[in-house]
Amino acid sequence: MKSHAPAPSASAAHPAPAHSPTSAETPAAPDELVIVPHTHWDREWYLPFQQFRLQLIGLLDEVLERMENDPRQRFTLDGQAVAVDDYLEVRPEQRERLTSLVKSGRLAVGPWQILLDEFLCSGENIVRNLELGLRRSQEMGASLRVGYLPDMFGHCAQMPQILRGAGIEHACVWRGVPAEVDSHAFAWTAPDGTAVRTEYLAAGGYGSAAGLFDDPEQVAERATAIAAKLRPWRPDGSPILAMYGSDHTAPAADLAYLLERHNATDSGVTLRLATMAEYFGAQPTTVEGLRAVRGELRSHARANILPGVFSVRAPLKQAMARAERAVERYAEPLAALWFDGAVQRFLDMAWHRLIEVSCHDSVTGCGCDETAQQVAARIAEAEQLGLAVRDMVGKQLAARTPHDAQVLLNPTPEERTDLVELDVAGDGPVHVTTAEGRAFPAQRISAAPTLLADDTFAAERLATVLARVHGIELYGQEITDWHADPQTRVLHFTVARKSELRFDIAEVKAALAGAEGEWRVVIEAEPRQRVAALVEAPALGHTAVRAAEGQAPAPAHAVHAADGTLGNGLLSVEIAEDGTFAARTPEGVELTGAGRVVDGGDLGDTYNYAPPDHDVLVDRPDEVTVRLVAEGPLVAAYEVARRYGWPSAGDFAADGRTARAEPTTVTTRLELRAGERFVRLAVSFDNRSDDHRVRLHVPLPRRAEKSYGEGQFAVVERGLTSEGGFGEEPLPTFPASAFVAAGGAAVLLEHATEYELVANGAELALTLLRPTGRMSRNRHVWRDEPAGGEFATPQAQCRGLRTVSFALLPYAGEWHESGVHAAAESFRHPLAVLPGTAPSATPLPGSTEGLRVAGAGVVLSSVREREGRLEVRVVAQTPTDTTARLALPGLRAAFRADLLGNAGEAVAVDAGTVTVALRPWEIATFQLGR
């Protein structure tokens with residue numbers, strides 16, 4: 004059994020259901036155990052991937068040999084196709100042998116590509132994981148059609164709808180099941196009402212029958228004990244699922260012989276070998292009569308869910324979110340709409356990496372440092388591939404845009420006005436214009452240096468100086484002018500980002516022929532500046548802008564800064580003496596004391612937070628300085644620097660923190676932009692302390708008993724507590740992806756972030772960083788059992804500069820009526836800016852719209868090309884009925900589709916627009932023909 008998921012005793016950890024049958028009710032017939040031989044394969048964990056793969060090769064070599072020699076053998080390969088891919092990459096000669104076993108039904112693979120962590124990847128990533136796993140396993144011969152989820156650290160609310168959308172009618176889970184479940188089967192129901200029949204791996208999880216055949220002389224005794232442990236969960240007397248396997252282990256070599264010998268000599272318990280597919284093939288698919296459990300499964304009642312993985316190794320979570328957005332919301336949609344070349348292979352490579360790192364021991368960060376390094380590298384590659392595809396799209400558009408202009412790409416499916424930073428020529432006031440003659444205001448942010456070099460060289464060294472010129476490039480820019488003056492002995496180059504000069508270095512050399520004495524070489528750049536411009540961009544489309552001299556009229560809701568305050572007519576922010584701030588809306592919603600940073604000890608590990616018994620909380624700065632860094636009218640910002648003394652480490656001997664402190668300055672940039680109803684924050688500090696937790700607190704405008712966390716196609720309602728019962732502290736810290744809202748305040752997030760309602764619902768606390776030095780700890784104050792080996796993880800201490808960015812939106816009323824989705828969409832998906840490359844005489848291209856999606860609470864998940872059609876997936880992330888409207892230039896036909904892309908019924912098209920009613924929380928996929 005997995006060391007971070009040990010098999011508990013039936014009496015202590017998995018109490019019998021409340022309605023356990025009496026002896027009079029116990030079926031007279033012998034119990035039948037359906038023995039499912041399997042391995043749970045952690046692709047990477049306390050060892051890095053390649054070392055685990057070497058073990059996988061040996062295990063599968065052994066299993067395939069046995070299965071080929073004994074047709075009675077069965078094996079289930081952990082519900083993930085990646086193990087087969089990893090094996091066949093080393094053993095390609097075994098493909099036919101392996102696929103023949105899959106086709107015969109004796110070896111079960113899929114349906115997942117990898118066993119994921121459901122809360123640390125996007126909902127779209129989950130869909131692509133399932134899509135890829137089903138395709139790969141079908142290519143091998145057949146796919147296990149069960150949502151097998153044996154070891155995830157809890158389960159997301161929309162998983163039933165995802166499974167049913169892919170045609171899967173069964174789920175199988177262990178962790179996170181609430182105490183109310185009192186049978187082996189229950190109706191797991193998604194927020195939209197979609198239910199899937201779900202098997203609960205009671206009394207031992209995926210190792211409920213582990214060790215059954217370890218001692219041939221004790222098979223009967225152990226079978227009886229296993230049946231007694233599992234029977235209370237099946238009062239109907241039906242065959243009992245018994246999972247025979249554990250982590251990285253193969254079944255006993257003589258398994259089939261021992262099983263048949265037992266059946267021939269013992270009449271108390273009958274044993275039957277099966278794959279997971281064979282077991283579920285005999286189970287009903289109906290959910291009628293089963294207990295309904297709605298939403299996410301995050302209870303601690305029956306197993307550890309190890310919630311600390313959401314806050315450990317925060318840089319991994321940040322990188323994962325960036326990479327997913329780069330692929331899902333920039334590369335794939337923009338390529339499908341605007342690129343006429345071939346990029347699918349790049350996108351496939353990016354998705355493979357995103358799916359691989361979503362593994363429940365990968366992006367979670369709960370492994371050795373070597374594993375985390377490899378995961379970080381794969382995430383980086385996925386992001387790089389996504390950005391490369393985005394830039395390929397942009398390059399085609401830039402080739403039609405003059406080089407003194409910029410192309411803006413809008414990744415969001417609605418027209419928007421947003422702030423972009425542009426690199427433009429000149430050093431005076433400017434504004435920007437479009438081909439349609441629209442003028443937008445700009446604000447200077449900074450100026451680039453103009454004098455790049457001013458050096459003196461002997462004449463004989465001028466040839467060395469000229470060797471720095473490569474074609475027309477010099478010092479990373481292009482030469483726009485030059486002259487050589489023998490009288491003053493000055494060689495002068497002028498450079499710019501782009502030049503149309505017909506330049507030949509031979510002419511310079513000729514001008515310097517016979518030069519003597521010392522020469523002054525000056526390299527000067529044309530004046531350039533970075534400006535913030537407030538521009539409009541069409542839905543999932545592109546526009547081009549060019550800078551022009553002079554100022555444009557100030558925008559509505561211009562922002563100003565003075566005396567520690569920011570305001571734009573939609574929100575006002577006031578910085579307090581202690582470095583916190585107050586935010587107020589014109590409607591009277593107000594919060595004060597926001598941004599308080601609290602540093603406390605953490606003697607836990609990568610799985611669970613553990614406060615010291617003698618904790619030292621540091622929440623008051625020793626010194627505060629405030630500096631104005633931007634005055635408006637488009638963007639205004641302050642930098643608030645707070646100096647603290649954070650204890651340098653946890654003191655494990657004293658169950659506290661060290662007396663020695665590390666001076667730590669926390670710098671918070673508070674930024675308000677014209678027209679935005681939220682204030683942006685970027686919190687930075689150099690982490691030089693170990694074994695601690697840093698949280699940022701936001702006092703709420705009104706006390707909250709509920710929070711609403713966005714993630715994986717849903718916004719989940721959570722309370723002030725979490726259900727316990729297993730031996731793990733039920734800490735009510737929860738993950739959110741795009742935002743968390745409570746009590747009139749929404750925090751817009753850039754990455755999956757752990758949060759908690761504290762002070763009895765009066766404050767929201769966000770975990771910024773949780774450094775720790777052990778993968779698991781044998782002795783843990785908030786967890787009875789070790790979660791793995793006690794390995795050192797020095798890199799999980801996250802030393803060095805750390806920055807976390809988010810935004811704060813105060814609102815009145817309910818979250819779903821307050822524009823929180825739209826604010827999060829804008830905050831998380833800035834316009835992409837690419838410089839034009841065409842000659843300056845090229846006409847400025849006009850604005851062009853791509854796909855427009857509208858509807859209250861309707862959120863875009865993906866846009867991609869599929870077999871000549873544009874496939875669009877949206878989610879109704881709202882508790883009320885809504886209507887989705889999809890508009891696409893040239894739209895001729897539209898169809899509903901399932902999550903795997905199988906087209907269904909046609910949808911009416913009216914003037915290029917599709918209008919469809921959606922139920923609350925419905926995931927809807929459309930295929931559009933142009």
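For the sequence shown, the positions run 4 to 933 when the numbering used here is used.
No residue lacks a Cβ here, since even glycine has one placed at the ideal position from N, Cα and C.
Which class does residue i belong to by DSSP, given the choice of helix, strand or coil?
i	result
residue 764	helix
residue 919	strand
residue 24	With a pLDDT of only 39 at residue 24, under the threshold of 50, the placement of this residue in the model should not be trusted; the figure read from the coordinates follows. Here residue 24 sits in coil by DSSP.
residue 389	helix
residue 282	helix
residue 76	coil
residue 570	strand
residue 250	strand
residue 584	strand
residue 668	strand
residue 592	coil
residue 117	coil
residue 299	coil
residue 914	coil
residue 360	helix
residue 439	coil
Are the CB atoms of residue i and residue j nearer to each other than 8 Å?
i	j	result
residue 114	residue 137	yes
residue 818	residue 879	no
residue 891	residue 873	yes
residue 854	residue 889	yes
residue 558	residue 573	no
residue 57	residue 90	no
residue 747	residue 592	yes
residue 852	residue 547	no
residue 209	residue 248	yes
residue 498	residue 483	yes
residue 39	residue 244	yes
Under the rule that 16 or more other beta-carbon atoms within 10 Å means buried, what is residue i, buried or exposed?
i	result
residue 920	exposed
residue 218	exposed
residue 605	buried
residue 53	exposed
residue 769	buried
residue 132	buried
residue 221	exposed
residue 707	buried
residue 47	buried
residue 713	buried
residue 270	exposed
residue 232	buried
residue 617	exposed
residue 804	exposed
residue 135	buried
residue 454	exposed
residue 927	buried
According to DSSP, residue i sits in a beta bridge with which residue or residues?
i	result
residue 377	According to DSSP, residue 377 bridges with nothing at all.
residue 189	201
residue 930	874, 898
residue 486	495
residue 602	621, 697
residue 161	Its beta-bridge partners do not exist; DSSP assigns none.
residue 869	872
residue 754	Residue 754 is not bridged to any residue.
Looking at chain D, is there any beta carbon in it that lies within less than 8 Å of the beta carbon of residue i?
i	result
residue 658	In summary, chain D is missing from the structure at hand, where a single protein chain is found.
Practice item. Can you check the region 29-74 for any alpha helix (DSSP H) of at least 4 residues that lies completely inside it and give the ranges in chain order? Key: DSSP runs (the alpha helix (DSSP H)) wholly in the region 29-74: 52-72.
Check your understanding: For the region 674-726, which segments carrying the beta strand (DSSP E) assignment without a break, of at least 3 residues, lie completely within its bounds, in sequence order?
Key -> The beta strand (DSSP E) runs of length 3 or more contained entirely in the region 674-726 are, from start to end of the chain, 682-690, 695-702, 710-714, 717-721.
**Study point:** Whole runs of the alpha helix (DSSP H) within the region 500-578, excluding any shorter than 4 residues
**Key:** 508-514, all fully within the region 500-578.
Exercise for review: Please specify which runs of the alpha helix (DSSP H), each continuous and at least 4 residues long, are wholly inside the region 124-152, giving them in chain order.
Suggested key: Runs of the alpha helix (DSSP H) inside the region 124-152: 126-143.
Practice item. Scan the region 785-871 and note each continuous beta strand (DSSP E) run of 3 residues or more that stays entirely inside, going in chain order. Key: Counting only runs of 3 or more, we get 803-813, 835-838, 855-857, 861-869.
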